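> Read top to bottom, the protein sequences are chains E and Y. Per this note's numbering, numbering through the first sequence is continuous, rising by one, with the last residue being 903. Per this note's numbering, numbering through the second sequence is continuous, rising by one, with the last residue being 307. Each residue gets a CB set at the ideal place from its N, CA and C atoms; glycine is no exception. Because the structure is a prediction, the values reported are computed rather than measured.
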Amino acid sequence: MSTTAKAPATVRMRTWSGDNVLKIYAFIAFVYLLLPVAYTFVFSFNDAGRTNLVWRGFTLDNWRNPCGAPQVCESVVNSVVLAAGVTVVATILGAMIAFALVRHQFRGRSTTNLTIFLPMATPEVVLGSSLLALFLNVFVPLGFWTVFIAHVMFCISFVVVTVKARVASLDARLEQAAMDLYASEREAFRRITLPLVMPGIAAAALLAFSLSFDDFIITNFNSGQFTTFPKFVYVASTRGIPAQANVIASAMFFIALALVLISQIRSMRRKEV
Amino acid sequence: MSIAAAIADTLEEQPHHNKPQKAGKLTPYWLMLPGLLWLAIFFVVPLVTLFGTSLMTPVPGGEVGEFEQTFHFANYWNTLTDSTYYVPLFRSFLYAGAATLLALAIGYPLAYAIAFKGGKYRNLLLVLVIAPFFVSFILRTVAWRQILADEGPVVAILRWAGLVSETGGVYPSAFAVIMGLTYNFLPFMTLPIYASLERVDHRLIEAAGDLYAKPITGFRKVTFPLSLPGVVAGTLLTFIPAAGDYVNAALLGRPSNTMIGNRIEYTFLSVNDYPTAAVLSFILMASILVLVLFYVRRLGTEDLV
């Protein structure tokens with residue numbers, strides 16, 4: 631930027647317009663990203679009746695009674711319970727693998743890396759249909775647990791890469807310093823390593839939760855009669871989605887946004903101090 | 003942000019300064035055992051089962067959905083030469099490719115603007131990029147149906163601009179499907195590119211300027227090559243799920259816009275023709291792997307696998 635100060639007017643002109651074209655472009659991209667979110671929010675106030683496709687007038691009824699339409703709240707509860715369980719199991723299993731990969735030298739590392747990478751490079755239809763093929767072959771009844779198994783499976787890899795990035799950026803000398811100060815290996819891990827890796831683990835847990843909560847394709851293959859929120863919305867989309875679904879989605883959006891913003895502001899404050 | 007970094011890191015081995023610990027030799031194996039076991043039983047075994055299923059044939063005189071193992075490799079040939087299957091397969095790659103290019107065209111400048119012009123609002127802008135994830139992706143796709151509908155704002159603008167005739171529309175169509183795919187996977191493109199742009203040392207760009215490189219040359223020779231890992235990660239994270247997706251085609255397309263994902267879902271869950279669905283899944287996975295390997299080789303990031 632400092633170089634533009636003495637540059638001839640034409641060059642300054644060019645950078646100025648370049649900058650602004652970029653900013654306008656980014657603004658349009660944000661409109662594109664957020665337009666459907668805005669639509670979902672606006673239509674949560676629609677006096678919709680059975681099909682929420684056209685605007686029929688403003689009402690707060692949907693927000694006053696979010697469980698008003700059949701199955702909406704039931705499917706949301708299912709999704710939350712499922713995602714919470716999946717998050718706990720996938721985060722623990724994934725974090726353990728991440729520690730092993732970064733902190734230990736062992737044979738079979740590249741095979742492990744490949745096993746972690748492949749589920750992320752496999753389309754969801756293939757993951758879903760292959761698990762269904764297995765469940766059909768061994769006659770496992772479809773339901774909550776088959777979905778749970780499937781979700782943990784595809785979440786593990788994402789947890790591993792998220793935690794791995796954090797562990798890898800840690801300075802191992804901190805741990806050594808602790809041990810030089812007569813901490814046992816276990817103590818050094820518990821009091822030094824774990825607190826430092828915690829933000830990475832938290833990010834991984836958040837990612838696992840949102841992946842599980844929003845998954846549709848794999849769930850659709852392995853759920854049988856069990857209904858999650860995305861599955862409910864998809865099934866309802868053929869005959870009309872109740873406005874209550876928009877209420878739930880909008881509420882989720884604002885809760886998540888608030889959580890993220892609070893943590894952002896906190897970390898900004900910490901940097902200022 | 004750590005999510006973005008993590009996505010980019012999948013594709014490059016971290017240059018970490020961690021010395022491996024001396025701890026017991028078996029420790030890493032114990033640490034990995036539960037997770038890898040889970041992946042082995044619920045990812046590897048199912049793929050093997052699926053391959054087995056793909057070679058089955060119907061039980062003679064049996065009911066719908068009853069199959070026996072006959073190692074009938076001709077299933078692959080029969081499916082590949084059937085236009086009800088190879089056309090959607092080809093269409094999937096076409097749509098996913100178009101969506102990936104569009105997402106790159108939108109996502110790269112967006113990531114660049116956030117990384118270099120975002121200033122103190124960078125984190126806030128990043129939150130806005132991932133914010134759509136918080137609303138169920140199916141609801142967002144349904145919202146596009148309303149936005150692109152004949153009474154919606156997009157058609158109104160296009161009619162005003164004369165790009166669409168007074169009675170013409172854009173939904174349902176191939177355009178709507180590609181737009182939906184682009185939309186749904188745009189954050190997956192933007193975040194890894196941002197992660198690698200954020201790491202670019204600004205002094206390198208200044209140095210290029212000091213050596214009389216025009217800004218555009220500096221970008222071409224310094225910034226862009228340094229952001230390439232993010233571009234590779236982003237295109238893969240967009241292309242792979244887009245090629246297998248069936249939600250966008252189902253919600254935004256016509257029957258003539260079906261993709262291979264729709265075929266797999268329909269064949270598996272509605273027709274109960276498990277062998278054909280299995281064959282299609284395998285062909286999809288194999289063709290994606292081949293494309294990915296070829297692509298990654300071309301760009302020279304070989305430590306991916």
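In the DSSP output, what is Pro60 (chain Y) paired with across the bridge?
Partner(s): Y:Phe69.
> What residue from Y:Thr86, Y:Pro62, Y:Arg124 and Y:Ala178 has the CA that sits closest to Arg265 (chain Y)'s CA?
Y:Thr86
> Which first and last residues belong to the alpha helix (DSSP H) in which Cys703 (chain E) is found?
Here the alpha helix (DSSP H) through Cys703 (chain E) covers Val702 to Arg733.
> If we call anything under 7 Å between Cβ atoms a contact, is Ser787 (chain E) one with Ile746 (chain E)?
yes
> Spell out whether any CB of chain E is found under 7 Å from the CB atom of Gly263 (chain Y).
Look at Gly263 (chain Y): its C-beta is under 7 Å from a C-beta on chain E.
> For Gly830 (chain E), does the count of other Cβ atoms within 10 angstroms reach 16, so buried, or fall short, so exposed?
buried
> Give the straight-line distance between the Cα atoms of Pro155 (chain Y) and Leu106 (chain Y), rounded to the nearest whole angstrom.
25 Å
> Within 7 Å of any Cβ in chain C, is that where the Cβ of Phe846 (chain E) sits?
In summary, chain C is missing from the structure at hand, where the protein chains are E and Y.
> Restricting to Cα atoms, I'd like to know which of Y:Val166, Y:Trp162, Y:Leu82 and Y:Met34 is closest to Arg739 (chain E).
Nearest option by C-alpha distance: Y:Met34.
> Take every Cβ of the region 764 to 773 of chain E, pair it with every Cβ of the region 816 to 832 of chain E, and state whether three or more of those distances are shorter than 8 Å.
No, because fewer than three Cβ pairs between the region 764 to 773 of chain E and the region 816 to 832 of chain E fall closer than 8 Å, the two stretches do not touch.
> Just the Cα atoms here: how many angstroms apart are Gly120 (chain Y) and Tyr662 (chain E)?
18 Å
> For Gln148 (chain Y), count neighbouring Cβ atoms within 10 angstroms of its own Cβ and tell me buried if that reaches 16, exposed if not.
Burial is judged here by how many other beta carbons sit within 10 angstroms of a residue's own beta carbon; Gln148 (chain Y) has at least 16 and is buried.
> Is Phe190 (chain Y) helix, strand or coil when you go by DSSP?
helix
> Rounding to the nearest angstrom, what Cα-Cα distance links Gly99 (chain Y) and Phe241 (chain Y) in this structure?
Going from the Cα of Gly99 (chain Y) to the Cα of Phe241 (chain Y) covers about 7 Å.
> Please report the distance separating the alpha-carbon of Gly698 (chain E) from that of Ser880 (chain E).
16 Å
> Please decide whether Ala209 (chain Y) counts as near chain E, where near means a Cβ-Cβ distance under 7 Å.
no
> Can you give me the C-alpha to C-alpha distance between Ala251 (chain Y) and Tyr78 (chain Y), rounded to a whole angstrom?
Cα-Cα distance, rounded: 25 Å.
> Alpha carbon to alpha carbon, what distance is there between Ala244 (chain Y) and Met58 (chain Y)?
29 Å
> Here's a check: name, in chain order, each residue in its chain whose Cβ is nearer than 6 Å to the Cβ of Trp693 (chain E), leaving out the five neighbours to either side.
Val877
> Using a Cβ-Cβ cut-off of 6 Å (strictly less than) and excluding sequence neighbours within five positions of Val790 (chain E), which residues of its own chain qualify?
Gly724, Ile727, Ala728 and Ile746
> Please classify Leu165 (chain Y) as buried or exposed, where buried requires at least 16 other C-beta atoms within 10 Å of its C-beta.
Classification of Leu165 (chain Y): exposed, given that the 10 Å Cβ count is below 16.
> Name the chain Y residues whose beta carbon is nearer than 7 Å to that of Gly724 (chain E)?
For Gly724 (chain E), the C-beta contacts it makes with chain Y under 7 Å involve Gly37, in order along the chain.
> Buried or exposed, going by whether 16 or more other CB atoms sit within 10 Å of the CB of Glu65 (chain Y)?
Counting Cβ neighbours within 10 Å, Glu65 (chain Y) comes out exposed, since fewer than 16 surround it.
> Would you kindly work out how many angstroms separate the C-alpha atoms of Leu193 (chain Y) and Gly236 (chain Y), rounded to a whole number?
8 Å
> Going by Cα to Cα distance, which pick from Y:Tyr214, Y:Ala117, Y:Leu282 and Y:Ser272 is closest to Ser56 (chain Y)?
Y:Leu282
> Can you tell me whether Phe75 (chain Y) is helix, strand or coil according to DSSP?
Of the three classes helix, strand and coil, the one that applies to Phe75 (chain Y) here is coil, per DSSP.
> Jot down the residue ranges of each uninterrupted alpha helix (DSSP H) in the region 104 to 142 of chain Y, minimum 4 residues, whole runs only, in chain order.
124 to 132
> Starting from Asn692 (chain E), follow the alpha helix (DSSP H) in both directions and report where the run begins and ends.
Counting along the chain, Asn692 (chain E) sits inside the alpha helix (DSSP H) bounded by residues Asp691 to Arg694.
> If I follow the unbroken alpha helix (DSSP H) through Glu817 (chain E), where does it start and stop?
Glu815 to Ala818
> Contact check, Val179 (chain Y) vs Asn259 (chain Y) under 8 Å by CB: the rounded distance?
5 Å
> Are the C-beta atoms of Leu230 (chain Y) and some chain E residue less than 7 Å apart?
no
> Count the C-beta pairs between the region 845 to 864 of chain E and the region 754 to 762 of chain E that are closer than 8 Å, then say yes if the count reaches three, no if not.
Because the criterion of three Cβ pairs below 8 Å is met, the region 845 to 864 of chain E and the region 754 to 762 of chain E touch.
> For the region 661 to 683 of chain E, which residues have a beta carbon sitting closer than 8 Å to at least one beta carbon of chain Y?
Tyr662, Leu663, Leu664, Leu665, Pro666, Val667, Tyr669, Thr670, Phe673 and Leu683
> Can you check whether the CB of Ala873 (chain E) is closer than 7 Å to the CB of Ser674 (chain E)?
yes
> Does Ile892 (chain E) come within less than 7 Å of chain Y when only Cβ atoms are used?
no
> Under 7 Å Cβ to Cβ from Ile262 (chain Y), same chain only, skipping five residues before and after it: list those, please.
Pro90, Leu91, Ser94, Leu282 and Leu286
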